[in-house]
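Engineer: Numbering follows the numbering used here, with no gaps: position 32 of the sequence shown is 46.
For each residue, glycine too, the CB sits at the ideal point set by N, CA and C.
One structure coming up, written as structure tokens, with questions to follow.
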Amino acid sequence: MKVSSLLTAIVSALALGRSPFLGAQAQMQHTASGATSLASLIEEAEAKNPQILAANHAYKAAANAPKRASALPDTQLTVQQLSVGSPLPFAGYTNSDFAYIGIGASQEFPYPGKRKLRAQAAEWEADSLKAQAESSSRDVVERLKASYFQLSYVQQAIMVFQHHDQVLGEMQQIAESRYRVGQGNQQEVLKAQLQHTKILQEITMSRRDEGQLQSRLKQLLDRPQDSADIVAEPLTEKPVAYSSSQLLQLAQQQNPNIRQQQSMVSQAQSQVALAHKEFRPDFNFQYMYENNDPKFRDYYVWTFGMTLPNRGRRRAELAEAQEKEEKATQELRAETQRQLSEIQQQFVFAQTSSEQLKIYKEGLIPQAAASFRSALAAYQANRQDFQTLLSSFLDALDLDLQYQRELADHEIALAKLEALTGVTLP
């Protein structure tokens, strides 16, 4: 390829705002290589991830607790036999009206209101586990998104390096041709070879990063580690459709960690109310039918009992419940502040990152293209050396990689915002 035709093609790519290393052919290859959408991976993770499934089963188990807590204590059945004059069974049964065979039942009845409060406490605990299950799901989805965005960046970076290496190979041939005709020197060729080796090193390191991300994604998806690798879609910038105040307000309503702490506070309040009720006595009713010999009359026995609470123990239980309520309240305040602080940090990061992406697209990348065009013209006119041209070329590559890295970080920040606020950004 001629010097002018190769470098003109590179300049044309830069002038159109594209990297000179990731041409249309590479982009088509990336799109047509069986990329897996993020939405399909999220659906797969929600259906198969063991952490999500375990949290859901914990909630489903706790959902049965209110019915158990509000149920009456188990009914007791009793069979009695009273003998007279001998320890042997049925001794004196026919000649004494004290001997009998009896059958009865007894039932305990907690003081009115206790069962309801126990059910309420169990309901709040189940609600807490439900929020915890949602938090686990959002945590898995957030990690899945972050790994997916990082994988997309690494895969695109590998293609950038590969195409850059191809262009560098052509530039090395140009330097060799100039050296043969006396217009260049061997140092230019050696610099091109050194840069080629550095690119191979970068590709190797990127392959290592890609392998680690593939392993992480397969773990989250519960796929075998030797299953087919995932190809991520190219990243596009997603706008933040909410203001900071809107996100903070939504978080207080929908953040699963805050909701979990709110449920724990409500559970503690129910436990305090129950501790007050425990100062009231419980009751017991028992009925016994005693059968005698036919020549004697049968007995019918009703028994009413009352369990009087130990007030010293009940006072200790009440104090314990009140301290736990205060503990849960303070933990709610701490968790709310932590979550809101994290949301604000991620929002600021996303806003700044969006501004950075605009600077890359409208400033740095076009400026790098102009710098490269200037270096190219000077090199063709023998007014600059190969190192200056190579430096401009590498600046454009570096800015393209920085743009892709910033884009991935931007999307990761939005994924965290979605997990923290409970909203799905469009």
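What would DSSP say about Gly37, mapped onto helix, strand or coil?
Structural biologist: Counted from its first residue, the sequence shown places residue 37 at position 23. Confidence in Gly37 is poor, its pLDDT being 43 and thus under 50, which makes the residue's placement unreliable; the coordinate value appears in the next sentence. Correct three-state label for Gly37: coil.
Engineer: Assign Tyr167 to one of two classes, buried (16 or more other C-beta atoms within 10 Å of its C-beta) or exposed (fewer than that).
Structural biologist: As a position in the sequence shown, residue 167 is number 153, starting the count at 1. Buried, by the Cβ-count rule.
Engineer: Give the C-beta separation of Arg230 and Ser161 to the nearest angstrom, bearing in mind that I take them to be a contact with Cβ-Cβ under 8 Å.
Structural biologist: Indexing the sequence shown from 1 puts residue 230 at position 216. Indexing the sequence shown from 1 puts residue 161 at position 147. Right, the Cβ-Cβ distance comes to about 5 Å (below 8 Å), so this counts as a contact.
Engineer: Can you give me the start and stop residues for the alpha helix (DSSP H) that Ile304 sits inside?
Structural biologist: Your numbering for residue 304 matches position 290 in the sequence shown. The residue asked about is misnamed: residue 304 is Glu in this sequence, not Ile. No alpha helix (DSSP H) contains Glu304, which is instead part of the beta strand (DSSP E) from Asp296 to Asn305.
Engineer: Considering Cα atoms alone, identify which of Gln418, Gln180, Pro295 and Gln164 is closest to Ile244.
Structural biologist: Position 230 of the sequence shown, counting from 1, holds the residue named residue 244. Residue Gln164 is the option with its Cα nearest to Ile244.
Engineer: Classify Glu292 as helix, strand or coil using the three-state DSSP reduction.
Structural biologist: Here residue 292 is taken as the residue at index 278 of the sequence shown, counted from 1. The answer is coil: DSSP assigns Glu292 none of H, G, I, E or B.
Engineer: Report the option in Pro124, Ala69 and Ala53 whose CA atom is closest to the CA atom of Ala85.
Structural biologist: Taking the first residue of the sequence shown as 1, we reach residue 85 at position 71. Ranking the options by Cα distance to Ala85, first place goes to Pro124.
Engineer: By the DSSP assignment, the beta strand (DSSP E) with Ala119 in it spans what residues?
Structural biologist: On the sequence shown, residue 119 is found 105 positions in, with the first residue counted as 1. Ala119 -> beta strand (DSSP E) spans Tyr114 to Phe123.
Engineer: For Ile217 and Asp414, what's the separation of their Cα atoms in angstroms?
Structural biologist: Taking the sequence shown and counting its residues from 1, the one referred to as residue 217 is at position 203. Taking the sequence shown and counting its residues from 1, the one referred to as residue 414 is at position 400. Distance between the alpha carbons of Ile217 and Asp414: 15 Å.
Engineer: Between which residues of its own chain and Gln207 is the CB-CB distance below 8 Å, once the five residues before and five after are set aside?
Structural biologist: By 1-based counting over the sequence shown, the position of residue 207 is 193. Only Gln186 meet the Cβ criterion.
Engineer: Excluding the 5 residues flanking Pro440 on each side, which residues of the same chain have their C-beta closer than 6 Å to its C-beta?
Structural biologist: By 1-based counting over the sequence shown, the position of residue 440 is 426. Answer for Pro440: Ala255, listed in chain order.
Engineer: Given a threshold of 16 other Cβ atoms within 10 Å of its Cβ, counted over all protein chains shown, does Trp138 qualify as buried or as exposed?
Structural biologist: Residue numbering aside, residue 138 sits at position 124 when the sequence shown is read from its first letter. Answer is buried; the Cβ neighbour count reaches 16.
Engineer: If you drop the 5 nearest sequence neighbours on each side, which residues of the same chain put their C-beta closer than 7 Å to that of Glu432?
Structural biologist: Start at 1 with the first residue of the sequence shown, and residue 432 comes out as number 418. Excluding positions up to five away in sequence, the list reads Thr438 and Leu439.
Engineer: Between the Cα of Glu148 and those of Glu202, Ile66, Arg237 and Pro103, spot the shortest distance and give me the residue it belongs to.
Structural biologist: Position 134 of the sequence shown, counted from the first residue, corresponds to residue 148. The candidate whose alpha carbon is nearest that of Glu148 is Ile66.
Engineer: Is it right to say Asn396 is buried, meaning 16 or more other beta carbons lie within 10 angstroms of its own, or is it exposed?
Structural biologist: If you number the sequence shown from 1, residue 396 lands on position 382. Result: exposed.
Engineer: Tell me the DSSP secondary structure of Ala246 in three-state form.
Structural biologist: Your numbering for residue 246 matches position 232 in the sequence shown. Ala246: strand per DSSP, three-state reduction.
Engineer: Which term fits Leu322, buried or exposed, when burial requires 16 or more other beta carbons within 10 angstroms of its beta carbon?
Structural biologist: Taking the sequence shown and counting its residues from 1, one reaches residue 322 at position 308. Classification of Leu322: exposed, given that the 10 Å Cβ count is below 16.
Engineer: Are Phe297 and Gly326 closer than 8 Å when you measure CB to CB?
Structural biologist: Taking the sequence shown and counting its residues from 1, one reaches residue 297 at position 283. Taking the sequence shown and counting its residues from 1, one reaches residue 326 at position 312. Cβ atoms of Phe297 and Gly326: not closer than 8 Å.
Engineer: Does the beta-carbon of Phe361 have 16 or more other beta-carbons within 10 angstroms, so that it is buried, or is it exposed?
Structural biologist: Numbered from 1 along the sequence shown, position 347 holds the residue referred to as residue 361. It is buried - the Cβ of Phe361 has at least 16 other Cβ atoms within 10 Å.
Engineer: Do Ala364 and His424 have their CB atoms nearer than 8 Å?
Structural biologist: The residue you call residue 364 lines up with position 350 of the sequence shown. The residue you call residue 424 lines up with position 410 of the sequence shown. Yes. Within cutoff.
Engineer: So, is Pro270 buried or exposed, given that buried needs 16 or more other C-beta atoms within 10 angstroms?
Structural biologist: For the purposes of this step, residue 270 is taken as residue 256 along the sequence shown, with counting starting at 1. When all chains shown are included, Pro270 counts as buried.
Engineer: Check the DSSP bridge columns for Tyr314 and list the partner residues they point to.
Structural biologist: The residue you call residue 314 lines up with position 300 of the sequence shown. Paired residue(s): Tyr303.
Engineer: Please classify Arg82 as buried or exposed, where buried requires at least 16 other C-beta atoms within 10 Å of its C-beta.
Structural biologist: Translated into the one-based positions of the sequence shown, residue 82 becomes position 68. Classification of Arg82: exposed, given that the 10 Å Cβ count is below 16.
Engineer: Between the beta-carbon of Ile209 and the beta-carbon of Leu182, is there less than 8 Å?
Structural biologist: One-based indexing of the sequence shown puts residue 209 at position 195. One-based indexing of the sequence shown puts residue 182 at position 168. It is worth fixing the name first, because residue 209 is Gln in this sequence and not Ile. Closer than 8 Å, so yes.
Engineer: Whose C-beta lies closer than 6 Å to the C-beta of Gln39 among residues of the same chain, with five residues either side of it excluded?
Structural biologist: Here residue 39 is taken as the residue at index 25 of the sequence shown, counted from 1. Because the pLDDT at Gln39 is just 39, under 50, the model does not fix this residue reliably, and the point stays unresolved.
Engineer: Residues in its own chain within less than 8 Å of Ile172 by CB, not counting five upstream and five downstream?
Structural biologist: Locating residue 172 in the sequence shown gives position 158, where the first residue counts as 1. These residues qualify, in order along the chain: Ile217, Ser220, Arg221 and Glu224.
Engineer: Three or more beta-carbon pairs under 8 Å between the segment 249 to 267 and the segment 107 to 116, yes or no?
Structural biologist: No contact exists between the segment 249 to 267 and the segment 107 to 116.
Engineer: Roughly how many whole angstroms lie between the Cα atoms of Met278 and Ile56?
Structural biologist: Taking the first residue of the sequence shown as 1, we reach residue 278 at position 264. Taking the first residue of the sequence shown as 1, we reach residue 56 at position 42. Cα to Cα, Met278 sits roughly 29 Å from Ile56.
Engineer: Kindly give me the distance between the Cβ atoms of Ala119 and Gln94, rounded to whole angstroms, as I take these residues to be in contact under 8 Å.
Structural biologist: In the sequence shown, residue 119 corresponds to position 105, counting from 1. In the sequence shown, residue 94 corresponds to position 80, counting from 1. Between Gln94 and Ala119 the Cβ distance is about 12 Å, and since that is not below 8 Å, they are no contact.
Engineer: Look up Thr50 in the DSSP assignment and say whether it is helix, strand or coil.
Structural biologist: Numbered from 1 along the sequence shown, position 36 holds the residue referred to as residue 50. Strand at Thr50.
Engineer: With a cut-off of 8 Å on the beta carbons, I'd call Leu234 and Lys159 a contact; round off their distance for me.
Structural biologist: As a working mapping, residue 234 is identified with position 220 in the sequence shown. As a working mapping, residue 159 is identified with position 145 in the sequence shown. So it is not a contact: roughly 10 Å between Cβ atoms.
Engineer: Report yes if the CB atom of Thr146 is closer than 8 Å to the CB atom of Ala69, and no otherwise.
Structural biologist: Position 132 of the sequence shown, counted from the start, is the residue given in the question as residue 146. Position 55 of the sequence shown, counted from the start, is the residue given in the question as residue 69. Sequence check: residue 146 is Gln here, not Thr. Closer than 8 Å, so yes.
Engineer: Are the beta-carbon atoms of Leu403 and Tyr417 separated by less than 8 Å?
Structural biologist: Here the question's residue 403 lines up with position 389 in the sequence shown. Here the question's residue 417 lines up with position 403 in the sequence shown. Result no, Cβ atoms of Leu403 and Tyr417 do not sit closer than 8 Å.
Engineer: Tell me the DSSP secondary structure of Leu439 in three-state form.
Structural biologist: Translated into positions along the sequence shown, residue 439 becomes position 425. Here Leu439 sits in coil by DSSP.
Engineer: What are the start and end residues of the beta strand (DSSP E) that includes Thr92?
Structural biologist: Within the sequence shown, residue 92 is the residue found at index 78, counting from 1. Counting along the chain, the beta strand (DSSP E) containing Thr92 begins and ends at Gln90 to Leu96.
Engineer: Any idea what DSSP makes of Thr321, helix, strand or coil?
Structural biologist: Along the sequence shown, one-based indexing puts residue 321 at 307. Looking at Thr321 - three-state DSSP - the assignment turns out to be strand.
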